[in-house]
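Beneath this line is the structure, given in structure tokens, with notes to follow.
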Amino acid sequence: MQINLLYFARLREAFQTGQETLTLPDSIQNVADLVAHLSARGGIWANELAANQVFRVAVDQDLADFSTPLHEGAEVAIFPPVTGG
Amino acid sequence: MQINLLYFARLREAFQTGQETLTLPDSIQNVADLVAHLSARGGIWANELAANQVFRVAVDQDLADFSTPLHEGAEVAIFPPVTGG
Amino acid sequence: MDTLSLQPISISVQTADFDLGQEVDTLSQSDHSIGALVSFVGLVRDLNLAADVVSLELEHYPGMTEKALQYIAQEATLRWSLKGVRIIHRIGNLRPGERIVMVLTAGAHRHAAYEANTFIMDYLKTRAPFWKKEWTPEGPRWVAARENDASAAARWHQIVSERYGNDDHD
Amino acid sequence: MDTLSLQPISISVQTADFDLGQEVDTLSQSDHSIGALVSFVGLVRDLNLAADVVSLELEHYPGMTEKALQYIAQEATLRWSLKGVRIIHRIGNLRPGERIVMVLTAGAHRHAAYEANTFIMDYLKTRAPFWKKEWTPEGPRWVAARENDASAAARWHQIVSERYGNDDHD
């Protein structure tokens, strides 16, 4: 399936991109699979998405957890813990 | 001793006065004594200051209880539970 | 904990209306270490009043009123780390929708400002000598005290002693 | 419980400043059954920032921001009996002393307005996608999230389920 990926704040700067469109292999079904897939890129991706890092994921603009399923055309955002208010 | 008595709101209207200066017999030492003294006037005084009535007493503009002592020149106010805010 | 000079307390008992935005601006511009401003505004409401009520009259005990409000504000600054407290309570005749009371609490952190504000209103409702009278075409009637208000104030004795051994509870 | 039409929710994400007094007036004049109005205003504070910080920049996730704030406000109207909720959050560049966020909650009774306001701020701080960056002469740095904020939001799950089986808790 194809998804639209967004990055915000510190992670947008670390990944040096705010957006990418990604076609995922069939084995990737949920958020955990996606994070592992991105982490496999190595370098900053492996560092920032490591198990000891704190980050948030939203699917279709709702906060998600690792078990949240992905679907064709999903908008998936990865960002640091929020600091508004 | 001589005290200055103030009444407010519903009690001011019931007693038909907002203020009186009272010279108390020596036996009256605290708020409980004073309330009994006023209650002994009978009529509306006995009704409003009966044990089953809810009212508040302030001595020198601080909320008091039945054991609060009185003193020469004290300002004693008797009023219904407050309803501001 | 801040010194008392950093916790300005300001109390007004007045017939005139007040401007909430201006009150908040005055307090926040006085000190840029203020991060959180909580305000409570109490209004004369329709539902509280029977359909035939034309207006509300607020009687108070001059002298004790100011003393009670000052005491309540000082208690709040002792219990929470605050940068400022402002209380305005109106007296006289008020119509439905009009403002009766305003409590502003300012602090570095929001939880102190929220809790101090709630505390002040709970105490004000049970300790400050104000009385409301409803005016109707048939005549006036005094508003009865709410038992809820007394239990809300009593609850603070327990909550504050249980949870706040110190004032660092943001 | 009131119908949803009696609990108007209004959300704004904007670069412009706002007028607290006008916001409160607009809400209170819309419904004379409102007896209690609680507002929270968050300010950029000096202490939060190192001495060399010139300004704060607020980034957000357009689309999700509005959705998250709407969700938070709706949750509050489901848990407490409210007459209205208004949330404004600013984005862009802000200097010390400037307003960042405003939450207004209106109800017939004060405890619902206080608690709903605290609830909204606790959730906003952990669920609404805003990020703060401090600008200094040496360059920018991202503000780190506070662990306190996450635990404050988590506490509501427990408090609300323990204390509020129904929405009549003035």
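Top line first, the protein sequences correspond to chains S, R, V and E.
By this note's numbering, the letter at position 80 of the first sequence is numbered 80, and the numbering carries on one by one without gaps.
By this note's numbering, the letter at position 77 of the second sequence is numbered 77, and the numbering carries on one by one without gaps.
By this note's numbering, the letter at position 117 of the third sequence is numbered 117, and the numbering carries on one by one without gaps.
By this note's numbering, the letter at position 118 of the fourth sequence is numbered 118, and the numbering carries on one by one without gaps.
Just so it is clear, CB atoms sit at the ideal spot from N, CA and C, and this is done for glycine as well.
Because the structure is a prediction, the values reported are computed rather than measured.
Count the other C-beta atoms from every protein chain shown that fall within 10 angstroms of the C-beta of Phe-66 (chain S), then say buried if there are 16 or more, exposed otherwise. exposed
Distance, Cα to Cα, Ala-108 (chain E) vs Thr-68 (chain R)? Approximately 38 Å between the Cα atoms of the pair.
Might you give, ordered along the chain, the residues of its own chain that have their beta carbon closer than 6 Å to the beta carbon of Asn-93 (chain E), omitting 5 neighbours on each side? Ser-55 and Glu-57
For Pro-8 (chain V), collect the residues of the same chain with a Cβ closer than 6 Å to its Cβ; drop the 5 residues on either side in sequence, then sort them by chain order. Gly-84
Cutting at 7 Å between CB atoms, please list the residues of its own chain near Gln-61 (chain S), excluding the five before and the five after it. Glu-75
Counting contacts by CB-CB distance shorter than 8 Å, is Tyr-114 (chain V) in contact with chain E? yes
For a minimum of 3 consecutive residues, which ranges assigned as the beta strand (DSSP E) are wholly contained in the stretch 63 to 139 of chain E? 84 to 90, 92 to 94, 99 to 107 and 130 to 136
Starting from Gln-61 (chain R), find everything on chain V with Cβ-Cβ shorter than 7 Å and list it in chain order. Gly-63, Met-64 and Lys-67
Beta-ladder partner(s) of Pro-25 (chain R), from DSSP: Answer is none; Pro-25 (chain R) lacks a bridge partner.
Contact residues within the stretch 26 to 37 of chain E, judged by C-beta distance below 8 Å to chain V: Ser-28, Gln-29, His-32, Ser-33, Ile-34, Gly-35, Ala-36 and Leu-37
Since Thr-126 (chain E) meets chain S, which of its residues come closer than 7 Å, beta carbon to beta carbon? Val-82
Give the DSSP bridge partners of Phe-79 (chain S), in chain order. Looking at the DSSP assignment, Phe-79 (chain S) forms a beta bridge with S:Arg-56.
Please state if the CB of Ile-88 (chain E) and the CB of Ser-30 (chain E) are separated by a distance shorter than 8 Å. no
What is the C-beta distance between Ser-33 (chain V) and Arg-45 (chain E), in whole angstroms, given that I count them as a contact (C-beta under 8 Å)? 6 Å
Within the 8 Å Cβ cut-off, does Pro-8 (chain V) reach chain E? no
Is the CB-CB distance between Thr-136 (chain E) and Val-24 (chain E) below 8 Å? If you check the CB distance, Thr-136 (chain E) and Val-24 (chain E) do not come in under 8 Å.
Which listed residue (R:Gln-2, R:Ile-3, R:Met-1 and R:Arg-12) has its alpha carbon closest to that of Ala-61 (chain V): Before going further, note that residue 61 (chain V) is Tyr rather than Ala in the sequence given. When only C-alpha atoms are compared, the closest one is R:Arg-12.
Of all the options V:Val-143, V:Ile-72, V:Leu-104 and V:Trp-131, which has the alpha carbon lying nearest to the alpha carbon of Trp-156 (chain V)? V:Ile-72
I'd like to check one pair, Ala-36 (chain S) with Ala-58 (chain S): are the Cβ atoms closer than 8 Å? no
For Met-171 (chain E), which option in V:Asp-17, V:Leu-104 and V:Val-38 has the closest C-alpha, if you only look at C-alpha atoms? Residue 171 (chain E) falls outside the range modelled here, since chain E spans only 1 to 170, and no answer is possible.
Under 8 Å, do Trp-142 (chain E) and Arg-10 (chain S) count as touching if we go by C-beta distance? yes
Residue interval of the beta strand (DSSP E) (run including Leu-37 (chain E)): 36 to 43
Is the beta carbon of Ala-36 (chain E) sitting closer than 8 Å to the one on Gly-21 (chain V)? no
Alpha carbon to alpha carbon, how far is Ala-64 (chain S) from Ala-106 (chain E)? Give it in angstroms, no decimals. 31 Å
Within the continuous alpha helix (DSSP H) that includes Ala-145 (chain E), where are the two ends? Premise fails: Ala-145 (chain E) is in no alpha helix (DSSP H) and is neither H nor E.
So the beta strand (DSSP E) Glu-59 (chain V) belongs to, where does it begin and stop? 55 to 60
Given that a residue counts as buried once 16 or more other Cβ atoms are within 10 Å of its Cβ, and exposed if not, what is Asn-117 (chain V)? buried
Best match in V:Ile-120, V:Tyr-114, V:Arg-79 and V:Arg-127 for proximity to Pro-81 (chain R) [C-alpha to C-alpha]: V:Arg-127
For Glu-134 (chain V), which residues from the same chain have a beta carbon less than 7 Å from its beta carbon, with the 5 sequence-adjacent residues on both sides left out? Leu-49, Val-53, Leu-56, Pro-140, Arg-141 and Val-143
Beta strand (DSSP E) containing Asp-25 (chain V): first to last residue? Per DSSP, Asp-25 (chain V) belongs to no beta strand (DSSP E); it is in the alpha helix (DSSP H), 20 to 29.
Residue from R:Ala-51, R:Glu-20 and R:Gly-73 with nearest C-alpha to Gln-2 (chain R): R:Gly-73
Report the three-state DSSP secondary structure of Asp-168 (chain V) (helix, strand or coil). Residue placement at Asp-168 (chain V) cannot be trusted, given a pLDDT of 28 that sits under 50; the coordinates are not used to answer.
Is any beta-carbon of chain R found at less than 8 Å from that of Val-143 (chain V)? yes
Within 10 angstroms of its Cβ, does Glu-20 (chain R) collect 16 or more other Cβ (buried), or is it exposed? exposed
Based on DSSP bridge pairs, tell me the residues matched to Asp-62 (chain S). S:Val-59
Report yes or no: is there a C-beta of chain E within less than 8 Å of the C-beta of Ala-9 (chain S)? yes
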